[in-house]
Every structure is written in structure tokens, then in C-alpha cells.
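*Asks:* Numbering (numbering that gives the first Met the number 0), first residue to last: 0 to 687. Glycine included, C-beta positions come from ideal geometry on N, C-alpha and C. One structure follows; several queries about it will come next.
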Amino acid sequence: MLDTVALNKSQLESVSFGAPTANEKTHPPLLIIAGAGTGKTNTLAHKTAHLIMSGASPEKILLMTFARRASAELASRANRIVEQTLRKENKSYKPVKIEWMGTFHSIAARLLREYAGAIGLESDFSVMDKSDSADMMDVLRHELGYSKTHRRFPKKKTCLDIYSRCVNGQSALQDVLDKHFPYCSDWADELTALFKRYTEEKLEQVCLDYDDLLLYCFHMSQVKEIANEIRERFDYIMVDEYQDTNVLQAGILFGFFPDGQGLTVVGDDAQSIYGFRSANVDNILGFPDQFTPKAKVISLEQNYRSHQKILDLANTLLSESSEGYKVALYSDKKSGPLPKLVNIEDDRKQAEYIVESVLASREAGVDLKQQAVLFRSSYHSDRLELELTRRNIPYVKHGGLKFLEAAHVKDVLCMLRWADNPKHKISAYRVLKLLPGIGPKTAEKIFDYLTLHHFDFAALDSVSIGGEAKAAVISLAKLLHEIHHNRIDWNSQLTKLAEIYKPLLEESYDDHFVRYGDIEQLTEISQQYKSRERFLTELTLDPPQSSGDLAGSPHIDDDFLILSTIHSAKGQEYKNVFLLNVADGNFPNEYACGDKRAIEEERRLLNVALTRAKNELHLMQPLKYWVPEQQSWGDKHVYGGKSRFLTDQVMKCIEVIHYPRLTPNTEESLRSTKAIADIKKMVLGQWG
DNA sequence: CACCCAAACTTTTTT
DNA sequence: AGTTTGGGTG
């Protein structure tokens with residue numbers, strides 16, 4: 000009943016490994032090393048489908064993926080395979096629902112809510128997103144008096160990054176500082192105090208940040224009774240992108256499933272690119288040895304995505320690493336265009352070249368959607384975006400600024416969140432400060448008053464503050480009160496909040512018209528969620544990836560070019576790929592150059608970028624490129640040296656071209672030659 | 001105490 | 001370029 004035609008030998012082995020039979024029900028731990036484009040998702044989908052058809056209960060399957068998009072896709076593919084197979088056998092089919100799937104963070108959030116009672120946690124905790132966390136850091140930073148020191152204290156974002164490293168890597172503060180933030184080393188004591196306050200403050204406000212979700216869940220997994228119960232709930236556990244898990248995530252897995260029964264992890268050590276989030280490649284490399292007997296290992300090496308010339312390039316790049324990666328990819332598609340290294344003058348020419356090539360390919364029948372421009376940092380596409388807009392070429396950008404991070408969207412969201420959780424100080428301050436006449440002090444006063452009155456919004460009627468602001472506070476509090484107690488239907492809660500927000504928006508922004516559109520869109524999105532709580536949690540855990548991603552995307556059948564950071568392009572594939580700014584300082588990034596491990600991560604990042612391409616691959620090598628740093632008056636261009644990854648061996652896999660084509664001094668026409676007219680004089684002429 | 005303006009400083013990738 | 005801090009004013 001297994002569809003063997005669609006799978007190769009290793010894939011088939013992965014799929015059938017440990018599937019339940021009449022007399023055998025064990026599934027020992029399994030590691031699948033799946034190189035780029037080797038049909039990983041397909042294999043996982045088949046495995047899921049196969050398990051279900053062999054009698055496994057869907058509700059006892061746990062699927063953990065890296066991004067929500069990936070998990071949704073996995074589930075729908077598995078569904079399709081089950082359906083197809085059953086149809087073929089003329090059996091009836093009803094859709095399979097895999098209830099337990101999602102990112103580590105979202106699974107953790109769900110488990111924590113369920114077991115909150117058992118671990119002494121309020122089950123109605125809020126989840127803070129990054130900027131909430133940063134805001135809280137900032138407040139405490141001031142409170143502890145660190146903003147007035149003679150030497151500059153790290154900024155809120157830096158503080159948060161340091162904290163996050165400590166938690167996710169379970170490392171000592173001093174180690175983290177020495178290794179990743181040497182310029183902050185002197186502040187160890189202050190940071191320790193700050194992080195302690197931060198942790199207390201979160202407890203007080205019943206908030207968990209991203210890291211807490213993993214941290215709490217990790218501690219929960221160490222509690223025998225709970226771990227046992229959770230192990231009973233799941234027969235099969237599949238974890239995707241295992242190379243990007245950190246110590247905490249691996250700890251959670253081993254806490255819940257110590258013997259690895261039913262556990263399958265999938266990943267590729269050559270695609271580990273989340274070291275900055277404390278991902279640890281050792282997790283995947285050391286996985287087999289965690290168990291006795293050791294876990295079974297299957298490698299997928301046949302690539303179905305790219306032709307051999309692209310793979311040769313990727314393989315050569317990886318072979319020059321000191322890391323010794325597990326797989327070398329090969330493809331049945333032997334021929335295809337040689338990857339190009341395109342020399343251009345600067346990012347302007349870069350944009351020009353890309354626009355021309357992209358349009359030419361479209362003429363030749365390749366949809367824009369099948370072409371992607373990838374880059375290291377999201378601002379790298381700025382110049383290109385200008386050019387695309389100018390030429391009316393539609394595009395969607397993944398990575399970079401998110402819809403939810405826009406100030407006005409955040410404002411409304413905070414109103415809703417405060418209504419949801421009256422103790423949510425960060426939201427409260429943000430919302431209160433929006434009202435005219437209310438600054439930090441008054442906001443504090445109001446919040447203290449609310450605290451004193453057991454967080455009952457109705458009590459704010461009698462708060463004593465200055466005349467003008469008072470009316471605004473009272474009418475806001477009234478609405479929040481009604482929302483908190485769900486006296487207003489969930490469907491119209493955001494609409495009501497938007498009504499209150501609208502005048503404030505008009506007051507502070509010239510482009511309020513556009514911004515209000517975003518608010519309406521937010522309201523629209525919220526309708527898809529069953530309850531306020533789920534809306535808030537899921538939105539912070541799985542924010543829409545791009546503005547085109549929103550509200551079921553009305554332009555779904557339009558054709559558009561893909562712009563994406565490499566990190567966000569993970570798991571994707573495109574017919575043609577353009578990679579921006581391949582130059583030393585960017586590939587590898589200059590901040591990574593100090594550390595050998597970091598450089599290797601840059602190499603893997605480049606590998607990920609290369610292996611997205613099915614057919615054409617253009618590496619753009621600008622002579623100089625634009626960087627936003629440095630003093631604002633100077634020339635913002637930086638001369639990038641040749642990337643150290645483009646060694647002689649690597650260059651043998653690449654064709655070098657120049658754009659515009661090198662032609663010996665054709666007519667320069669009249670540009671930049673000597674003046675034959677005096678424009679200044681002509682302009683002055685109007686005034687006699 | 002809120003608000004406005006000028007000066008200083010910054011440095012990627014994401015759940 | 002955009003955010004954060006500091007100082008001055010009402």
C-alpha cells in the first residue's frame with residue numbers, strides 16, 4: 000500500500016522504518032540526514048501518511064517544525080498522500096487532522112497552558128514579543144539607574160540579545176559576554192542584576208517571553224510525573240530542521256522522550272544557520288550517541304531540485320570547510336547553465352542587471368514567482384526595491400520588518416492585550432501614553448491606581464488625574480472593561496478599539512489614511528481566530544511573514560518576484576536565484592570574521608542560498624556596495640574585497656561575467672565631458 | 001510633567 | 001536613516 004514509485008531507496012527506508020505492524024510496535028530513534036533538495040518534506044509527509052495508514056492515531060502524532068508555514072504544508076501533503084492512496088484502494092477517505100503540530104515555541108506554549116496548574120503557573124499568561132521584551136528591559140534599565148552611567152550601558156536590544164543567549168544556550172553570562180559581546184564585558188554585574196529584575200518583573204506581570212516558553216517547558220520536562228504523562232500522549236514524534244535546535248529544545252525532547260521511542264529527527268548539518276539564536280549543530284551530530292543502542296541514521300543524498308553544476312559548486316564550497324559535512328549531493332540532471340559570478344560596479348547596476356535578467360526570463364516563460372532575489376540582510380534589497388517599484392514590477396519581500404512591528408498596528412494590539420491581561424504593564428504604558436497629556440509619570444500613576452484596585456478597569460472611573468486626560472482615560476477604561484469581560488462579542492472587539500484609536504492616529508500621523516487601512520486589515524485577520532487568547536498568542540508566535548502573507552492574500556494568483564533574506568528562504572526553491580552582494584564583509588559578514596565557528600556558519604548560509612536554485616544562479620559581486628553605517632555625511636559606499644569563499648577551486652565551478660559587458664570605450668557621448676552650456680546662467684537669467 | 005527639538009549613536013539573520 | 005538621550009520651554 001506504500002507508494003514506492005514516488006520514493007527512492009533511502010527515502011523509502013526512512014518512511015517504512017518503525018511503522019507499526021500487527022506484531023511489532025516499536026520505533027527506535029531515527030536520524031535522517033537530508034541534504035538540501037533531497038525531498039525531505041516529501042519523505043516526512045509520506046512517513047506521516049504511512050504511519051497513519053498503518054494504524055497510528057493522528058492525535059498521538061507530534062510534528063515539530065521550524066516555521067508554521069512548514070508545518071501546515073507538511074500536514075496538508077501528508078493528508079493528500081493518505082487520500083490518494085486510499086482512493087487508489089477504493090477505500091473511503093476522511094481528512095486526517097493532526098492536532099499537534101507547530102513550532103517548538105507554539106507547542107511549548109500549548110503544553111504550558113495545559114499543565115500550568117501542575118507547575119504553579121497561571122494558565123492565562125501572555126506571550127511577549129521581542130519588542131515588548133525590549134521595552135520591559137528598557138524600563139528596568141532606567142529604574143536601576145543604568146542609563147545615567149558615565150560609560151554607556153548596552154542598549155535595550157543588546158541587553159535582550161545577551162539575555163537570550165544565556166537562556167537559550169544555558170550558558171554563564173560571563174562566557175556569553177566574552178565570546179559574543181566583548182565590548183560589554185565590563186557590565187557583567189549590572190547585567191546580572193538587570194536580568195534578575197527582568198525575570199521577576201515577567202513573573203509579576205504574568206508574561207512569558209519567547210525564551211521563557213522554551214525555558215519553562217524545559218523545566219517542566221524534567222518533572223518525572225509530567226514527562227511520563229506527555230510521553231504517553233505521543234506515539235510518534237517528528238522534528239524537522241533539527242540542526243537549528245538549541246540546548247533547551249534538545250533538552251525538552253530528551254526530557255519528554257528519554258529513550259527516543261517513536262522519535263524521528265530530520266536535518267542537515269550543512270544548513271545550520273541559526274547559531275545567533277544559540278542553535279547548536281552538536282545536537283544533530285551527537286543525536287545517534289544519545290541512545291543505547293545508538294539511533295539509526297539514514298542519509299538522503301540525491302537532490303531533485305538543482306542540476307549537477309549548482310551542486311558541484313555547493314559541494315566544493317562545503318568541502319573546503321574544516322567541519323566535514325555528512326553528505327555530498329548529486330543529481331540526475333547533469334546539464335544546466337553554469338552558475339555565474341556577475342561583476343558590477345555598484346548596487347545600482349546590480350539592481351539594473353537583476354531587473355533585466357528577471358524580465359528576460361519572464362519573457363522566456365519563467366514566472367516571476369519562480370525567481371528569487373536572496374540577500375544576507377534585509378536592507379540589501381533597498382535599492383532593488385526602488386528600481387522594482389519604479390518599473391512597476393510586483394514583488395513580495397520575506398524577512399525584514401514585519402507588519403506587526405509597525406507602530407500603529409502595535410498600538411492597537413497593545414490595547415487588545417491590555418484588555419486581555421490587565422496586569423500587562425508594557426501594553427498599559429504604551430496605550431496610556433498615546434492619550435494626549437499623558438506621559439510616563441501619569442501612566443505610572445494610573446497603572447499603580449489600577450494595581451491597587453485589583454486590576455479592575457471599572458475602578459479607573461475615580462482615578463485622580465488632570466482634567467483633559469481624565470475623560471479619555473475613563474472612556475478607554477470603560478471599553479477595556481467590557482472587552483475584558485467579553486460583554487462585547489469577540490468579533491467586534493477590535494473594531495471598537497479601532498474607533499477609539501482613529502482620532503489619535505489622525506492626530507499623530509500624516510499618512511493616517513494608509514495606516515488605518517492596516518488596522519482594518521488587522522481586524523480582518525482577527526476574524527479567522529476563535530478567541531482573543533488564541534489570536535494574541537498565535538499572532539506573536541507566528542507573525543505573518545510578509546505583507547503579502549496577510550488575510551489569505553487576495554492577490555494570490557498575481558505574479559510577483561520573490562525578495563527574501565536567506566534565513567527566510569530556508570526550505571524554499573526557485574527556478575532562478577540572484578544572490579546580492581557576494582563580497583567579503585558580507586559573505587562572510589564582517590561581524591562574523593573574528594570567530595572561526597561564525598565564519599563556518601556564514602559558509603553554510605552561502606550554501607543554503609546556492610542550493611535554493613533549480614536552474615540559473617547569479618552571484619552578484621559589486622565593486623562597491625552601500626552600507627547604512629558610518630557617519631551620515633561621508634560616502635556610504637564600501638569597497639568589498641572578493642569573498643574569501645570564492646577560492647580557486649570554487650571559481651572553477653563558476654563562469655565570470657561583467658555587466659554592463661566590458662566594451663572598450665564606446666562613445667561616452669556628452670556625459671562627463673567638458674561643458675558646452677552654462678545652466679546656472681540660464682536659471683539666473685529669469686531674474687534679470 | 002509633557003512635549004519639542006537637537007545632538008549622539010548605531011551595525012544581521014528570527015521564534 | 002532611525003532611534004535614543006538630553007535640554008529647554010510652557
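Would K368 pass as a contact of F559 if the rule is Cβ separation under 8 Å?
*Replies:* It is a contact, given that the beta carbons lie within the stated cut-off.
*Asks:* Please list the terminal residues of the continuous beta strand (DSSP E) segment that includes Y394.
*Replies:* Unbroken beta strand (DSSP E) run through Y394: 394-397.
*Asks:* Report, in whole angstroms, the separation of the C-beta atoms of L30 and F286, which I expect to be a contact under 8 Å.
*Replies:* Right, their Cβ atoms sit about 5 Å apart.
*Asks:* Could you give the distance in angstroms between the alpha-carbon of Y182 and the alpha-carbon of E72?
*Replies:* Approximately 43 Å, taken between the alpha carbons.
*Asks:* In angstroms with no decimal places, state the Cα-to-Cα distance between L451 and I392.
*Replies:* Between L451 and I392, the C-alpha separation is close to 56 Å.
*Asks:* Below 8 Å, can you find three or more Cβ-Cβ pairs linking the segment 611-624 to the segment 637-652?
*Replies:* Touching, yes.
*Asks:* Express the C-alpha separation of A187 and N420 in angstroms, rounding to a whole number.
*Replies:* When rounded, the distance between both Cα atoms is 33 Å.
*Asks:* Taking the beta carbon of I225 as the centre, do at least 16 other beta carbons fall within 10 Å, making it buried, or is it exposed?
*Replies:* When all chains shown are included, I225 counts as buried.
*Asks:* Can you check which of these residues, A591, H397, V430, is closest to I565 by C-alpha distance?
*Replies:* Nearest option by C-alpha distance: H397.
*Asks:* Could you tell me which of V126, I118, G436, L328 sits nearest to C413, measuring between CA atoms?
*Replies:* Here the closest residue by C-alpha is V126.
*Asks:* Closest to E506 by C-alpha separation, out of L433, Q169, R230, S15, would be which residue?
*Replies:* Answer by Cα proximity: L433.
*Asks:* Can you find at least 3 beta carbon pairs, one from the segment 528-535 and one from the segment 340-360, that sit closer than 8 Å?
*Replies:* Contact fails: fewer than three Cβ-Cβ distances are below 8 Å.
*Asks:* Does the beta-carbon distance from C716 to L202 come in below 8 Å?
*Replies:* Examination of residue 716 is not possible in this model, given that the chain is present from 0 through 687 alone.
*Asks:* Using a Cβ distance threshold of 8 Å, determine whether the segment 366-380 contacts the segment 435-447, with at least three qualifying pairs required.
*Replies:* As far as the Cβ criterion goes, the segment 366-380 does not touch the segment 435-447, which means the pair count is below three.
*Asks:* On the DSSP letters alone, give me the boundaries of the alpha helix (DSSP H) that N452 sits inside.
*Replies:* Residue identity differs from the one stated: residue 452 is His in this sequence, not Asn. That residue, H452, is in no alpha helix (DSSP H); it is neither H nor E in DSSP.
*Asks:* Measure the C-alpha to C-alpha separation of Y500 and L449 and round it to an integer number of angstroms.
*Replies:* Distance between the alpha carbons of Y500 and L449: 21 Å.
*Asks:* Decide yes or no for the touch test of the segment 302-313 against the segment 32-50: beta carbon pairs closer than 8 Å, at least 3 of them.
*Replies:* At 8 Å Cβ cutoff, the stretches touch.
*Asks:* Please tell me whether Y329 and L310 are closer than 8 Å, where the distance is taken between their beta carbons.
*Replies:* Yes, they are a contact pair.
*Asks:* If P435 sits next to A468, beta carbons under 8 Å apart, how far is it from one beta carbon to the other, in whole angstroms?
*Replies:* Their Cβ separation, rounded to whole angstroms, is 7 Å, which keeps P435 and A468 in contact under 8 Å.
*Asks:* Counting C-beta neighbours from all protein chains within 10 Å, is the total for W417 16 or more, i.e. buried, or is it exposed?
*Replies:* Result: buried.
*Asks:* Assuming the contact rule is C-beta atoms closer than 8 Å, A313 and L609 should be a hit. Round their C-beta distance to whole Å, please.
*Replies:* With 8 Å as the limit, A313 and L609 qualify as a contact, their Cβ atoms being about 5 Å apart.
*Asks:* Decide if the segment 83-101 is in contact with the segment 509-520; the criterion is three or more beta carbon pairs, one per stretch, under 8 Å apart.
*Replies:* As far as the Cβ criterion goes, the segment 83-101 does not touch the segment 509-520, which means the pair count is below three.
*Asks:* Does the pairing of the segment 580-587 with the segment 274-281 give three or more beta-carbon distances under 8 Å?
*Replies:* They do not touch, by the three-pair rule.
*Asks:* For C206, tell me which candidate among I487, A55, H423 has the shortest Cα-Cα distance.
*Replies:* Among I487, A55, H423, the Cα nearest to that of C206 belongs to H423.
*Asks:* Give the range of the alpha helix (DSSP H) segment to which T102 is assigned.
*Replies:* From DSSP, T102 is part of no alpha helix (DSSP H) but of the beta strand (DSSP E) over 99-102.
*Asks:* Fully enclosed by the segment 452-524, which alpha helix (DSSP H) runs are 4 residues long or longer?
*Replies:* List check, alpha helix (DSSP H) in window: 466-483, 489-507.
*Asks:* On the three-state DSSP scale, how would you describe C652?
*Replies:* Residue state, collapsed to three classes: coil.
*Asks:* Quick check on I561: buried or exposed, where buried means 16 or more other Cβ atoms within 10 Å of its Cβ?
*Replies:* Classification of I561: buried, given that the 10 Å Cβ count is 16 or more.
*Asks:* What residues are listed by DSSP as bridge partners for E615?
*Replies:* DSSP output for E615 lists N575 as bridge partner(s).
*Asks:* For P659, count neighbouring C-beta atoms within 10 Å of its own C-beta (all shown protein chains included) and say buried if the count is 16 or more, exposed if not.
*Replies:* The residue in question, P659, is exposed, as its Cβ has fewer than 16 Cβ neighbours within 10 Å.
*Asks:* Could you please give the first and the last residue of the uninterrupted beta strand (DSSP E) stretch that includes G168?
*Replies:* Careful: G168 lies outside any beta strand (DSSP E), inside the alpha helix (DSSP H) at 155-168.
*Asks:* Starting from T64, trace the beta strand (DSSP E) in both directions and tell me its first and last residue.
*Replies:* Run containing T64: 60-64, per the beta strand (DSSP E) assignment.
*Asks:* DSSP puts I561 in a beta bridge; with which residues?
*Replies:* According to DSSP, I561 bridges with A371, V395.
*Asks:* Could you tell me the distance, in whole angstroms, from the CA atom of G101 to the CA atom of M63?
*Replies:* Going by the C-alpha atoms only, they are around 5 Å apart.
*Asks:* If you measure between the beta carbons of Q571 and R602, is that distance less than 8 Å?
*Replies:* Not a contact, by the Cβ cut-off of 8 Å.
*Asks:* Quick one: which unbroken alpha helix (DSSP H) runs of 4-plus residues sit fully inside the segment 255-306? Chain order, please.
*Replies:* Listed in chain order, the complete alpha helix (DSSP H) runs (minimum 4 residues) inside the segment 255-306 are 281-284.
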